[in-house]
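Chemist: Attaching a single structure in structure tokens format; questions to follow.
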Amino acid sequence: MNTNILQTLVTAMQRRLAALPQRLRPFTTEFDELPKNLMLTGARGCGKSTFLLHHSQGRRLLYFSADNPKIIGEPLYDLVSSVFMLGYEGVIIDEIHYASNWSIHLKALYDDYPGKIIWISDSSSLVLRDGKADLSRRYVAIQMPLMSFREFLYLETGQIYPKYKLGDTILPTQPDAELLNHFLNYRSYGTRPFYQEKDFEARYMAIIDKILNNDIPFFLPSISENNLRVMRAIIGTLANSSIPRVQVTSLCSDWGIGAEKLYQLLFVMESVDLLKIVRYPNDTKARSTGAKMLFADPCAYKVLNADQGTEREAYIVHCFSRAGYEINAMKDEKKGDYVITKDHVSQTLEVGGKNKNPKEADYVLRDNTDYPVGNAIPFWLMGMMW
1 MNTNILQTLV TAMQRRLAAL PQRLRPFTTE FDELPKNLML TGARGCGKST
51 FLLHHSQGRR LLYFSADNPK IIGEPLYDLV SSVFMLGYEG VIIDEIHYAS
101 NWSIHLKALY DDYPGKIIWI SDSSSLVLRD GKADLSRRYV AIQMPLMSFR
151 EFLYLETGQI YPKYKLGDTI LPTQPDAELL NHFLNYRSYG TRPFYQEKDF
201 EARYMAIIDK ILNNDIPFFL PSISENNLRV MRAIIGTLAN SSIPRVQVTS
251 LCSDWGIGAE KLYQLLFVME SVDLLKIVRY PNDTKARSTG AKMLFADPCA
301 YKVLNADQGT EREAYIVHCF SRAGYEINAM KDEKKGDYVI TKDHVSQTLE
351 VGGKNKNPKE ADYVLRDNTD YPVGNAIPFW LMGMMW
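Right, here's the structure in full:
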């Protein structure tokens, strides 16, 4: 490797290490030891680079992003081999899908350098599915979720609270006015740690643009300009409607796109954490828009000035999905809005505002309340589950 390129990478890593925040989201510090070969995935802006750089401290590792123009023409295997020959313990490679034939190169590096640390990251779990070299057997996968309210509270106050388990009678903390105000802020901008920087909404919109224009074309190479416009239309439809659905027939007709291509776009948009498609139980069809289509990040509703009634549902789906539950829409809405399943145990949920008429659900999740009463649980507690 050219020594100038190496020095550029070393200097860039030193700048990143110097810029690490004093308070890190708890997900980052909950891991004492990382596996030698790791693939970290998670939504853009959730803190993956910070996670890996934090754990690199005390080791001789070299961090670089595969989309760095200084190295974008270098074969990944040759580049990493050169780093190892210089005595480094390992490498951290961000945005791995930007490297040409990355999965084949990673397999060869794993096989040829068994003692070296190789940590990689990407913004979509599709990298594992699309890897041609069966990386799942070689690299331990860790999914980094969007931040919980519990983590947001730590960044704001320095206090770390216990995780809440559905049905617990002991609260992780008391819901005073300060906490409830923090909760309102969390729902507006608190799912990604960069909220602490300036221009949150502008940066959030830039992330959406990069996902649409840069990330999705990697996973769906046959994408066209019209397809990009269709995806923006889907985002606009969900932002402007109180009904969280899209009409396949209308979209196909309006944009001159086939149904098969539309379903491909929806699948990729969900895989890169733009959308969350909530299906009915046992709906495994690939060609499905599900029962409801929501933004995967509830903060999108505030940024896009979208329907706040739908934001409630997106928030609850977000919380239970991130806390490890399978969540489905209920066909019989008289019995509840959602059914959640974890460890083979299923429970039903009703979601609504403070004055919504009750259904027959196991739990009633209420917005704008502070304490649980009976089976009615306030929204803020759902954000304490992870």
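Residue numbers (UniProt numbering): 1 to 386. Glycine included, each C-beta is placed from N, C-alpha and C at the ideal position.
For GLU326, report the span of its alpha helix (DSSP H) as first-last.
Modeler: Careful: GLU326 lies outside any alpha helix (DSSP H), inside the beta strand (DSSP E) at 326-329.
Chemist: So if DSSP puts TRP119 in a beta bridge, which residue, or which two residues, is it bridged to?
Modeler: LEU38, ILE92
Chemist: Can you round the beta-carbon distance between PRO172 and TYR161 to whole angstroms, since I take them to be within the 8 Å contact cut?
Modeler: 4 Å
Chemist: Do HIS97 and VAL127 have their CB atoms nearer than 8 Å?
Modeler: yes
Chemist: Assign PHE31 to buried or exposed, taking buried as 16 or more other Cβ atoms, counted over all protein chains shown, within 10 Å of its Cβ.
Modeler: exposed
Chemist: Would GLU95 and LEU61 qualify as a contact pair, given that the criterion is a beta-carbon distance under 8 Å?
Modeler: no
Chemist: Per DSSP, what kind of secondary structure is GLU201 in: helix, strand or coil?
Modeler: helix
Chemist: Who are the Cβ neighbours of LEU304 in its own chain at under 7 Å, not counting the five residues just before and after it?
Modeler: ALA239
Chemist: By the 10 Å Cβ neighbour count, where 16 or more other Cβ atoms means buried, how is TYR63 classified, buried or exposed?
Modeler: buried
Chemist: Identify the residues that DSSP records as bridge partners of TYR63: which are they?
Modeler: Beta-bridge annotation (DSSP): TYR63 is paired with ILE92.
Chemist: Whole angstroms is fine: what's the gap from ARG279's alpha carbon to LEU228's?
Modeler: 25 Å
Chemist: May I ask you to list the residues that DSSP assigns as paired with LEU365?
Modeler: VAL351, ILE377
Chemist: Could you tell me whether any non-hydrogen atom of the ligand COA is closer than 7 Å to the CB of GLY58?
Modeler: Although the ligand COA was asked about, the structure shown includes no ligands whatsoever.
Chemist: For the 8 Å Cβ check, are there 3 or more pairs between the region 24-38 and the region 138-156?
Modeler: yes
Chemist: Here's the rule I'm using: 16 or more other beta-carbon atoms within 10 Å means buried, otherwise exposed. How should SER253 be labelled?
Modeler: exposed
Chemist: Is the region 64-74 touching the region 4-19, taking contact as three or more C-beta pairs under 8 Å?
Modeler: In the pairwise beta carbon analysis, the region 64-74 is classified as touching the region 4-19: at least three pairs are separated by under 8 Å.
Chemist: Figure out for me which residue from ILE72, LYS36, LEU20, ARG59 has the closest Cα to the Cα of LYS48.
Modeler: LEU20
Chemist: So within the region 198-274, which uninterrupted alpha helix (DSSP H) runs reach at least 4 residues, ignoring any that extend past its ends?
Modeler: 200-210, 216-219, 225-240, 248-255, 259-271
Chemist: Please identify the residue among VAL373, GLU350, TYR371, GLY374 whose C-alpha is closest to the C-alpha of LEU365.
Modeler: GLU350
Chemist: Between ALA18, LYS163, ARG138, which has its C-alpha nearest TRP386's C-alpha?
Modeler: The shortest Cα separation from TRP386 among ALA18, LYS163, ARG138 belongs to LYS163.
Chemist: Would you call THR284 buried or exposed, if buried means 16 or more other Cβ atoms sit within 10 Å of its Cβ?
Modeler: exposed
Chemist: Judging by CA-CA distance, which residue of MET231, LEU294, ALA361 is the nearest neighbour of PRO334?
Modeler: One point to set straight first is that residue 334 is Lys, not Pro, in the sequence displayed. Of MET231, LEU294, ALA361, the residue nearest in Cα terms is ALA361.
Chemist: Is it a yes or a no for the region 74-82 touching the region 36-51, going by three-plus beta-carbon pairs under 8 Å?
Modeler: no
Chemist: Tell me which same chain residues have a C-beta within less than 8 Å of the C-beta of PHE219, skipping the five on either side of it?
Modeler: HIS97, SER124, LEU126, ASP130, VAL268, SER271, VAL272
Chemist: Starting from the C-beta of TYR110, find all residues in its chain whose C-beta is less than 7 Å away, skip the five residues before and the five after it, and write them out in chain order.
Modeler: ASN37, ILE118, ARG138
Chemist: When DSSP builds the beta bridges, which residues end up paired with SER346?
Modeler: Its beta-bridge partners are THR341.
Chemist: So the candidates are GLU156, LEU180, ILE120; which of them puts its Cα closest to the Cα of ILE142?
Modeler: Shortest Cα-Cα distance from ILE142 to any of GLU156, LEU180, ILE120 involves ILE120.
Chemist: Round the Cβ separation of TYR189 and LYS302 to the nearest angstrom and send it over; I've been treating them as touching at under 8 Å.
Modeler: Contact holds; Cβ gap of about 7 Å.
Chemist: Return the residue from the list ILE327, ASN226, GLU33 that minimises the CA-CA distance to ALA337.
Modeler: It should be pointed out that residue 337 corresponds to Asp in this sequence rather than to Ala. Of the listed residues, the one whose Cα sits closest to ASP337 is ILE327.
Chemist: MET293 lies in the beta strand (DSSP E); which residues open and close that run?
Modeler: Per DSSP, MET293 is one residue of the beta strand (DSSP E) stretching across 292-295.
Chemist: Less than 8 Å between the beta carbons of TYR325 and PRO298, yes or no?
Modeler: no
Chemist: Per the DSSP calculation, GLN143 is bridged to which residue(s)?
Modeler: THR41
Chemist: Which residue marks the beginning of the alpha helix (DSSP H) containing GLN14, and which one marks its end?
Modeler: 3-18
Chemist: Out of curiosity, what's the CA-to-CA distance linking PHE379 and ASN101?
Modeler: 45 Å
Chemist: Report all residues from its chain with a CB closer than 8 Å to the CB of GLN264; omit the five preceding and five following residues, and keep chain order.
Modeler: LEU220
Chemist: Starting from ARG287 and walking both ways along the alpha helix (DSSP H), at which residues does that stretch end?
Modeler: Element bounds for ARG287: n/a, residue is neither H nor E.
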